[in-house]
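Residue numbers (this note's numbering), protein chains in the order written: chain A, 236 to 347; chain B, 187 to 303. The block underneath contains the structure these notes are about, expressed in structure tokens.
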Amino acid sequence: ELKVEQNPLFLSMQEGKNYTIYCNYSTTSDRLYWYRQDPGKSLESLFVLLSNGAVKQEGRLMASLDTKARLSTLHITAAVHDLSATYFCAVDNAGNNRKLIWGLGTSLAVNP
Amino acid sequence: EAEVAQSPRYKITEKSQAVAFWCDPISGHATLYWYRQILGQGPELLVQFQDESVVDDSQLPKDRFSAERLKGVDSTLKIQPAELGDSAMYLCASSLGFLGSGANVLTFGAGSRLTVL
Numbered sequence: 236e237l238k239v240e241q242n243p244l245f246l247s248m249q250e251g252k253n254y255t256i257y258c259n260y261s262t263t264s265d266r267l268y269w270y271r272q273d274p275g276k277s278l279e280s281l282f283v284l285l286s287n288g289a290v291k292q293e294g295r296l297m298a299s300l301d302t303k304a305r306l307s308t309l310h311i312t313a314a315v316h317d318l319s320a321t322y323f324c325a326v327d328n329a330g331n332n333r334k335l336i337w338g339l340g341t342s343l344a345v346n347p
Numbered sequence: 187e188a189e190v191a192q193s194p195r196y197k198i199t200e201k202s203q204a205v206a207f208w209c210d211p212i213s214g215h216a217t218l219y220w221y222r223q224i225l226g227q228g229p230e231l232l233v234q235f236q237d238e239s240v241v242d243d244s245q246l247p248k249d250r251f252s253a254e255r256l257k258g259v260d261s262t263l264k265i266q267p268a269e270l271g272d273s274a275m276y277l278c279a280s281s282l283g284f285l286g287s288g289a290n291v292l293t294f295g296a297g298s299r300l301t302v303l
């Protein structure tokens, strides 16, 4: 059974700093998604990573996927307050009955 | 930009009452998902439809929850009777095709927040 683990679960950082969120998963998968959720709001798609070595960037966020290590990272560069949100990774279980298995989320607070 | 519509946005009900949520996916999206998200946790899939057929309802508590997508377009999720533990955000999402087919991103609606008293 696929399990998805994110760390850290909570992250408080200063504006202008860099940091990385990690998403580990337990069994083989060929695609991974990152979503953002603002408090009380719905989920917004950030990135879809479809192959080993895939790297996607949007603004101050960059996501990468290493399928051999079963690891994805979401790197934040020069954080700003607007990036404060909860970030989820979700992994396609790639089984006969495909579905996304979600991590618990990383709650990010960017402080001035 | 196309959106997934959900209603109601907020619902407060007493336990043992019936409650229903409605979802209208993005036009042309064949796959529809209902998720439950408890505060502080990730979404949990309740049911997945491909057109009007249920693909996965293994996590749906079928003694009290039901879901339908009769014409393969909009969908209703019902809870009867509601229990205190059902308090959560109920999220509907849709995608063009199955997971595993291309990028196939799930687009989520704004959600329906349920409070059971």
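Where is the CB? At the ideal position from N, CA and C, for every residue including glycine.
- Residue-level contact check: residue 297/B touches chain A, since one or more beta carbons of chain A fall below 8 Å from its beta carbon.
- Three or more Cβ pairs closer than 8 Å define a contact, and the stretch 265-278 of chain B falls short of that threshold against the stretch 324-337 of chain A.
- Per DSSP, the unbroken beta strand (DSSP E) holding residue 279/A starts and ends at 278-284.
- When rounded, the separation of the alpha-carbon atoms in residue 319/A and residue 193/B is 27 Å.
- Beta-bridge annotation (DSSP): residue 240/B is paired with 235/B.
- When Cβ-Cβ separations below 8 Å define contact, residue 228/B makes contact with chain A.
- Judged by beta-carbon spacing, residue 307/A lies within the 8 Å limit of residue 258/A, meaning their Cβ atoms are closer than that value.
- Under the three-state reduction of DSSP output, residue 272/B falls in the helix class.
- Within the same chain, no residue comes within 8 Å of residue 294/A by CB-CB distance, once the 5 residues on both sides are set aside.
- The C-beta of residue 236/B comes no closer than 8 Å to any C-beta of chain A.
- For the C-beta of residue 337/A, the chain B residues within less than 8 Å are, from N- to C-terminus, 228, 229, 230.
- For residue 251/B, not one C-beta of chain A is nearer than 8 Å to its own C-beta.
- In this structure, the alpha-carbon of residue 299/B lies about 5 Å from that of residue 196/B.
- With respect to the 8 Å criterion, residue 297/B and residue 277/B are classified as neighbours on the basis of their beta carbons.
- No Cβ-Cβ contact shorter than 8 Å links residue 256/B with residue 245/B.
- Interface flag for residue 334/A against chain B is set, since a Cβ pair is found closer than 8 Å.
- By the Cβ-count criterion, residue 294/B is buried, with 16 or more other Cβ atoms from all chains shown falling within 10 Å of its own Cβ.
- In chain order, 226, 227, 228 make up the part of chain B whose C-beta sits under 9 Å from the C-beta of residue 340/A.
- Counting every other CB atom within 10 Å of its CB across the protein chains shown gives residue 198/B a total below 16, marking it as exposed.
- Residue 216/B and residue 238/B have their C-alpha atoms spaced approximately 9 Å apart.
- As computed with DSSP, residue 253/B is found in a beta bridge with 263/B.
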